[in-house]
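Counting with the working numbering, you get residues 1 to 231 for the letters of the sequence shown.
Backbone N, C-alpha and C fix where the C-beta goes; we use that ideal spot for every residue, glycine too.
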Amino acid sequence: MRLCTWWQVVVLVLSGHYLHAGGSGLNVLVVVNPNSPNSLELGNYYCEHRQVPPQNVVRLRNWTGGNLAWSRAQCQLSLLNPLFEALSVRQLDRQIDFVLLSMDIPYQVTEAGSVNSTTSVLFYGFKPDTVPPEAVPPSCSLSSAAFNSYALSEAIFHDTPPDTAPTNAFLAVMLTADHLAQAKLTVDHGVASVRTYPTQTVYLANTTDESRTVRYVLFDDAIFDTRVLGN
(Lines of atoms letter the chains of each structure in order from A and count residues from 1; the text may use other names and numbers.)
(Lines give C-alpha, C1' and ligand atoms only; values in the text may rest on other atoms or scores of the structure.)
Protein backbone atom coordinates (compact mmCIF):
# COMPACT_ATOMS: atom_id res chain seq x y z
CA MET A 1 0.00 0.00 0.00
CA ARG A 2 2.82 2.40 0.91
CA LEU A 3 4.66 1.53 -2.34
CA CYS A 4 1.51 2.27 -4.34
CA THR A 5 1.05 5.61 -2.61
CA TRP A 6 4.71 6.52 -3.18
CA TRP A 7 4.39 5.83 -6.91
CA GLN A 8 1.24 7.94 -7.08
CA VAL A 9 3.16 10.87 -5.62
CA VAL A 10 6.01 10.41 -8.10
CA VAL A 11 3.60 10.31 -11.04
CA LEU A 12 1.84 13.46 -9.82
CA VAL A 13 5.11 15.36 -9.42
CA LEU A 14 6.54 14.31 -12.78
CA SER A 15 3.39 14.62 -14.84
CA GLY A 16 2.92 17.77 -16.90
CA HIS A 17 0.30 20.20 -15.59
CA TYR A 18 -0.26 23.84 -16.41
CA LEU A 19 0.47 26.22 -13.57
CA HIS A 20 -1.75 29.29 -13.63
CA ALA A 21 -0.01 32.42 -12.39
CA GLY A 22 -1.91 35.53 -11.42
CA GLY A 23 -5.08 33.81 -10.23
CA SER A 24 -8.05 32.29 -12.03
CA GLY A 25 -11.77 32.82 -12.43
CA LEU A 26 -12.19 31.76 -8.80
CA ASN A 27 -10.36 34.93 -7.72
CA VAL A 28 -12.46 37.30 -9.84
CA LEU A 29 -15.64 39.08 -8.79
CA VAL A 30 -17.78 40.27 -11.71
CA VAL A 31 -20.09 43.25 -11.15
CA VAL A 32 -23.05 43.75 -13.49
CA ASN A 33 -25.70 46.45 -13.85
CA PRO A 34 -29.11 44.67 -13.65
CA ASN A 35 -30.74 47.59 -15.49
CA SER A 36 -28.48 47.14 -18.53
CA PRO A 37 -29.04 44.15 -20.84
CA ASN A 38 -25.58 44.73 -22.32
CA SER A 39 -23.92 44.65 -18.90
CA LEU A 40 -25.72 41.42 -18.00
CA GLU A 41 -24.87 39.74 -21.32
CA LEU A 42 -21.23 40.80 -21.23
CA GLY A 43 -20.88 39.67 -17.62
CA ASN A 44 -22.28 36.25 -18.49
CA TYR A 45 -20.02 36.06 -21.53
CA TYR A 46 -16.93 36.86 -19.46
CA CYS A 47 -17.88 34.35 -16.76
CA GLU A 48 -18.42 31.61 -19.35
CA HIS A 49 -15.07 32.18 -21.07
CA ARG A 50 -13.03 32.73 -17.90
CA GLN A 51 -14.68 30.05 -15.74
CA VAL A 52 -16.04 32.47 -13.14
CA PRO A 53 -18.58 30.66 -10.91
CA PRO A 54 -22.10 32.12 -10.36
CA GLN A 55 -21.39 32.98 -6.72
CA ASN A 56 -18.71 35.40 -7.94
CA VAL A 57 -21.25 37.68 -9.64
CA VAL A 58 -22.64 40.79 -7.89
CA ARG A 59 -25.37 43.13 -9.12
CA LEU A 60 -25.44 46.87 -8.60
CA ARG A 61 -28.14 47.93 -6.16
CA ASN A 62 -30.79 50.49 -7.15
CA TRP A 63 -28.70 52.26 -9.77
CA THR A 64 -30.46 53.97 -12.69
CA GLY A 65 -28.23 57.02 -13.14
CA GLY A 66 -26.37 56.12 -16.31
CA ASN A 67 -22.80 55.02 -16.98
CA LEU A 68 -20.76 58.22 -16.63
CA ALA A 69 -20.49 59.33 -13.00
CA TRP A 70 -21.91 58.84 -9.53
CA SER A 71 -21.29 60.54 -6.22
CA ARG A 72 -19.14 58.93 -3.58
CA ALA A 73 -22.27 58.21 -1.53
CA GLN A 74 -24.05 56.66 -4.52
CA CYS A 75 -21.01 54.50 -5.29
CA GLN A 76 -20.98 53.32 -1.69
CA LEU A 77 -24.69 52.41 -1.70
CA SER A 78 -24.95 50.90 -5.18
CA LEU A 79 -21.55 49.22 -5.60
CA LEU A 80 -19.46 48.90 -2.46
CA ASN A 81 -22.17 47.88 0.00
CA PRO A 82 -23.57 44.97 -2.08
CA LEU A 83 -20.02 43.97 -3.02
CA PHE A 84 -18.79 43.66 0.56
CA GLU A 85 -22.04 42.05 1.68
CA ALA A 86 -21.63 39.39 -0.99
CA LEU A 87 -18.04 38.72 0.03
CA SER A 88 -19.07 38.25 3.64
CA VAL A 89 -22.22 36.18 3.10
CA ARG A 90 -20.61 33.97 0.44
CA GLN A 91 -17.34 33.72 2.41
CA LEU A 92 -15.29 35.03 -0.48
CA ASP A 93 -13.43 37.80 1.34
CA ARG A 94 -10.16 35.82 1.41
CA GLN A 95 -10.57 34.58 -2.15
CA ILE A 96 -11.29 37.63 -4.31
CA ASP A 97 -8.36 39.74 -5.53
CA PHE A 98 -9.81 41.05 -8.80
CA VAL A 99 -13.01 42.96 -9.56
CA LEU A 100 -14.29 43.30 -13.13
CA LEU A 101 -16.96 45.91 -13.86
CA SER A 102 -19.10 44.81 -16.81
CA MET A 103 -19.85 47.93 -18.93
CA ASP A 104 -22.67 50.47 -18.34
CA ILE A 105 -21.32 51.22 -14.86
CA PRO A 106 -20.17 54.76 -13.95
CA TYR A 107 -16.42 55.23 -14.31
CA GLN A 108 -16.17 58.47 -12.28
CA VAL A 109 -16.71 58.99 -8.55
CA THR A 110 -17.22 62.59 -7.44
CA GLU A 111 -17.31 64.45 -4.14
CA ALA A 112 -16.84 68.13 -3.31
CA GLY A 113 -15.27 68.86 -6.69
CA SER A 114 -12.86 65.93 -6.56
CA VAL A 115 -12.98 63.21 -9.22
CA ASN A 116 -11.67 59.65 -8.84
CA SER A 117 -12.10 56.65 -11.09
CA THR A 118 -14.39 53.88 -9.88
CA THR A 119 -11.57 51.37 -10.32
CA SER A 120 -9.17 53.40 -8.15
CA VAL A 121 -11.81 53.63 -5.41
CA LEU A 122 -11.96 49.83 -5.45
CA PHE A 123 -8.16 49.72 -5.22
CA TYR A 124 -7.42 52.09 -2.33
CA GLY A 125 -10.52 54.14 -1.60
CA PHE A 126 -11.52 57.68 -2.55
CA LYS A 127 -8.67 60.25 -2.53
CA PRO A 128 -9.59 63.97 -2.64
CA ASP A 129 -7.89 66.03 -5.34
CA THR A 130 -5.05 68.34 -4.42
CA VAL A 131 -3.72 71.36 -6.31
CA PRO A 132 -2.98 70.20 -9.89
CA PRO A 133 0.09 71.15 -11.90
CA GLU A 134 -0.20 74.27 -14.00
CA ALA A 135 -2.36 74.14 -17.15
CA VAL A 136 -3.92 70.73 -16.50
CA PRO A 137 -7.48 69.81 -15.46
CA PRO A 138 -8.23 69.85 -11.69
CA SER A 139 -8.72 66.08 -11.62
CA CYS A 140 -5.13 65.52 -12.85
CA SER A 141 -3.62 66.13 -9.44
CA LEU A 142 -2.06 63.28 -7.51
CA SER A 143 -2.95 63.22 -3.84
CA SER A 144 -0.15 62.38 -1.43
CA ALA A 145 -2.50 59.70 -0.11
CA ALA A 146 -2.37 58.06 -3.53
CA PHE A 147 0.98 56.48 -2.64
CA ASN A 148 0.56 52.82 -1.75
CA SER A 149 2.77 50.10 -0.36
CA TYR A 150 1.94 47.66 -3.16
CA ALA A 151 3.65 49.77 -5.83
CA LEU A 152 7.10 48.38 -6.68
CA SER A 153 6.74 45.71 -3.99
CA GLU A 154 7.02 42.82 -6.49
CA ALA A 155 4.98 40.82 -3.95
CA ILE A 156 1.78 38.79 -4.09
CA PHE A 157 -1.10 41.28 -4.10
CA HIS A 158 -3.17 39.42 -1.52
CA ASP A 159 -0.23 39.47 0.91
CA THR A 160 0.75 43.10 0.25
CA PRO A 161 -2.40 45.20 -0.28
CA PRO A 162 -2.04 49.00 -0.42
CA ASP A 163 -1.70 50.31 3.13
CA THR A 164 -3.82 53.38 2.34
CA ALA A 165 -6.91 51.32 1.50
CA PRO A 166 -9.65 51.82 4.12
CA THR A 167 -11.09 48.31 3.53
CA ASN A 168 -10.35 45.34 1.28
CA ALA A 169 -8.29 46.32 -1.75
CA PHE A 170 -8.92 44.95 -5.24
CA LEU A 171 -7.17 45.03 -8.59
CA ALA A 172 -10.10 46.45 -10.56
CA VAL A 173 -10.79 46.84 -14.26
CA MET A 174 -13.75 48.10 -16.27
CA LEU A 175 -14.56 45.99 -19.31
CA THR A 176 -16.37 48.28 -21.74
CA ALA A 177 -16.56 49.44 -25.35
CA ASP A 178 -18.77 51.45 -27.68
CA HIS A 179 -20.69 48.30 -28.56
CA LEU A 180 -21.37 44.96 -26.88
CA ALA A 181 -19.83 43.03 -29.76
CA GLN A 182 -16.62 45.02 -29.42
CA ALA A 183 -16.48 44.33 -25.69
CA LYS A 184 -16.95 40.61 -26.32
CA LEU A 185 -14.11 40.74 -28.82
CA THR A 186 -11.84 42.05 -26.05
CA VAL A 187 -12.72 38.97 -23.99
CA ASP A 188 -12.02 36.73 -26.98
CA HIS A 189 -8.61 38.29 -27.57
CA GLY A 190 -7.69 37.84 -23.92
CA VAL A 191 -8.68 34.19 -23.89
CA ALA A 192 -6.85 33.54 -27.16
CA SER A 193 -3.64 35.06 -25.79
CA VAL A 194 -3.34 32.69 -22.83
CA ARG A 195 -0.05 30.73 -22.87
CA THR A 196 1.08 32.28 -26.15
CA TYR A 197 4.47 33.75 -26.94
CA PRO A 198 4.10 36.47 -29.61
CA THR A 199 7.05 36.91 -31.95
CA GLN A 200 6.17 40.33 -33.35
CA THR A 201 8.54 43.28 -32.96
CA VAL A 202 7.99 45.65 -30.03
CA TYR A 203 9.11 49.28 -30.33
CA LEU A 204 10.24 51.17 -27.22
CA ALA A 205 9.94 54.85 -28.08
CA ASN A 206 11.26 57.92 -26.28
CA THR A 207 9.40 61.08 -27.27
CA THR A 208 9.62 64.76 -26.42
CA ASP A 209 6.48 64.50 -24.24
CA GLU A 210 8.13 64.29 -20.83
CA SER A 211 4.85 63.54 -19.08
CA ARG A 212 4.35 60.37 -21.10
CA THR A 213 7.84 59.05 -21.63
CA VAL A 214 8.91 58.54 -18.01
CA ARG A 215 9.52 54.82 -18.52
CA TYR A 216 12.30 55.19 -21.07
CA VAL A 217 14.95 54.86 -18.32
CA LEU A 218 13.82 51.24 -17.91
CA PHE A 219 14.16 50.32 -21.59
CA ASP A 220 17.75 49.04 -21.33
CA ASP A 221 16.76 46.64 -18.56
CA ALA A 222 13.74 45.48 -20.54
CA ILE A 223 15.85 44.74 -23.60
CA PHE A 224 18.45 42.90 -21.51
CA ASP A 225 15.79 40.80 -19.76
CA THR A 226 14.19 39.73 -23.04
CA ARG A 227 17.59 38.70 -24.43
CA VAL A 228 18.35 36.64 -21.31
CA LEU A 229 15.01 34.89 -21.76
CA GLY A 230 15.88 34.15 -25.37
CA ASN A 231 13.24 36.39 -26.95
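Asked, Found
"By the DSSP assignment, the beta strand (DSSP E) with A155 in it spans what residues?", "That residue, A155, is in no beta strand (DSSP E); it is neither H nor E in DSSP."
"Mapping DSSP to helix, strand and coil, what is L204?", "coil"
"Nearest CA to the CA of A69: which residue from T167, V202, D178, S114?", "S114"
"If you draw a straight line from the alpha carbon of S193 to that of F224, how long is it in whole angstroms?", "24 Å"
"Helix, strand or coil for V115? Go by DSSP, reduced to three states.", "strand"
"Measure the C-alpha to C-alpha separation of H49 and V32 and round it to an integer number of angstroms.", "16 Å"
"Measure the C-alpha to C-alpha separation of L60 and R90 and round it to an integer number of angstroms.", "16 Å"
"Can you give me the C-alpha to C-alpha distance between L185 and G25, rounded to a whole angstrom?", "18 Å"
"With three or more beta-carbon pairs closer than 8 Å as the criterion, would you say the segment 169-187 touches the segment 98-118?", "yes"
"Would a C-beta distance cut-off of 9 Å place N44 and L180 closer than the cut-off?", "no"
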